[in-house]
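Numbering (the working numbering), first residue to last: 8 to 413.
Where a beta carbon is used, it is the ideal one built from N, C-alpha and C, also for glycine.
Note sheet for the following structure.
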């Protein structure tokens, strides 16, 4: 007996799926097929097909294992049904938002509150000349600090301390430092200081700050290790150095005590471990070549990463399940090419840049909305991060198809 497939609820803007062979059978069904359908004893409806009668159900339900009875369809199991919390109900579902977010008119998505209201979220962009702040629309860009460094390889923001920290790369390990400065008004830096780290930072590819403890996590892609230092920088320990061949990206969820990271060495992979290095777990190790930037949706507990070779952004849950492609080069109007730097997901938006392309763009991170909002700037960007309470945001590198650098 064939199992009919039902579509999602009408609230998801999709209709009941009826295969073409079923639809065509309605045109000229034989008396025998009609008779068979009559005796199917379907709970809801029956369709006559060349292969025999098939039961199907109304929206919000699907045919059960017996091929006749209808059971509730779990819309919450479908990626993108709700942008945050989803509660499955009999024949339907309900979306809701966590504290700090407001539900939107579509009853699916959520928008972050601005607290305080006069402090709008901004994107911080670092390069070898300075650190810039730009609005999420890309309409305003202003320099916060002149870094005058060979390269800024890593940067992160500590919201509680209103501080941004970055690695100032010099010509030698002794000239490479971790610097932090406060940006209370997002107009200029104050109290710039050097934090002396007992380990070398010269080959650090990426860093992340644990906003609960103030600890710094670093990824060294030359010595192939991940290490952690306390907030003063004097006590550092190696977190992981085995079976790491070229670690690149790192993201933290202090609320769950988890570290997520990418490695594109002998076995490219996305992994997870506890913040003390224990319970290391491989999340993704197939259809992956050059995983680079990584970020988290702390509300929905999702892991996003960018593959700079396969030109995609994909997502899995914290257990490595429910994998989905979010954006892929030629499959989307937004052309993703060599994505690298990634920063947190914010209100269903994804921000993209590409090293060497001097551009940044923004797209909607929503499988139910085919839409992109693009803005380009001559930013010469290397690293991006986000000034807002630890919620959601995604940034990575990209280029628009057929679009020359401007």
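Buried versus exposed call for residue i [16 or more other C-beta atoms within 10 Å across all chains shown]
i: residue 274; result: exposed
i: residue 213; result: buried
i: residue 46; result: exposed
i: residue 300; result: buried
i: residue 186; result: buried
i: residue 249; result: exposed
i: residue 67; result: buried
i: residue 205; result: exposed
i: residue 112; result: exposed
i: residue 310; result: buried
i: residue 160; result: buried
i: residue 285; result: exposed
i: residue 82; result: buried
i: residue 328; result: exposed
i: residue 199; result: exposed
i: residue 321; result: buried
i: residue 303; result: buried
i: residue 29; result: At residue 29 the pLDDT is 45, less than 50, meaning the model places this residue with poor confidence and gives no usable figure here.
i: residue 219; result: exposed
i: residue 235; result: buried
i: residue 305; result: buried
i: residue 259; result: buried
i: residue 61; result: buried
i: residue 163; result: buried
i: residue 315; result: buried
i: residue 270; result: buried
i: residue 244; result: exposed
i: residue 178; result: exposed
i: residue 318; result: buried
i: residue 90; result: buried
Span of the beta strand (DSSP E) around residue i
i: residue 119; result: 117-119
i: residue 137; result: 137-142
i: residue 225; result: 223-227
i: residue 243; result: 243-247
i: residue 236; result: 232-236
i: residue 299; result: 298-304
i: residue 267; result: 265-270
i: residue 320; result: 319-324
i: residue 73; result: No beta strand (DSSP E) contains residue 73, which DSSP labels as neither H nor E.
i: residue 53; result: 52-54
i: residue 332; result: 331-335
i: residue 312; result: 309-314
i: residue 213; result: 211-216
i: residue 328; result: Residue 328 -> no beta strand (DSSP E), and no H or E assigned at all.
i: residue 63; result: 61-63
i: residue 112; result: Here residue 112 belongs to no beta strand (DSSP E), and DSSP marks it neither H nor E.
i: residue 49; result: First-last for residue 49: undefined, no H or E at that position.
i: residue 130; result: 129-133
i: residue 260; result: 254-260
i: residue 288; result: 288-291
i: residue 277; result: 276-281
Anticipated Cβ contact below 8 Å, residue i with residue j, distance rounded
i: residue 127; j: residue 117; result: Not really, about 17 Å apart at Cβ, beyond 8 Å.
i: residue 104; j: residue 114; result: The Cβ separation is near 11 Å, so there is no contact.
i: residue 268; j: residue 233; result: 6 Å
i: residue 44; j: residue 64; result: Actually they do not touch by this definition, with Cβ atoms about 15 Å apart.
i: residue 142; j: residue 129; result: 6 Å
Any chain B beta carbon closer than 7 Å to residue i
i: residue 127; result: The structure shown contains no chain B, having only a single protein chain.
Legend entry - Given 8 Å, three or more beta-carbon pairs between the segment 234-244 and the segment 289-304: no
Legend entry - Completely contained beta strand (DSSP E) runs for the segment 79-107, where each covers 3 or more residues: 92-96, 99-103
Legend entry - Stretch pair the segment 128-147 + the segment 168-187: three plus CB contacts closer than 8 Å: yes
Inset, instruction - Determine contact between the segment 245-254 and the segment 217-236, defined as no fewer than three beta-carbon pairs at a distance below 8 Å. - result: yes
Inset, instruction - Give, in chain order, every unbroken run of the beta strand (DSSP E) that is at least 3 residues long and sits entirely within the segment 147-203. - result: 148-153, 158-165, 170-176, 184-189, 197-202
Inset, instruction - Would you check if the segment 294-311 and the segment 275-284 touch, i.e. whether three or more CB-CB distances between them fall below 8 Å? - result: yes
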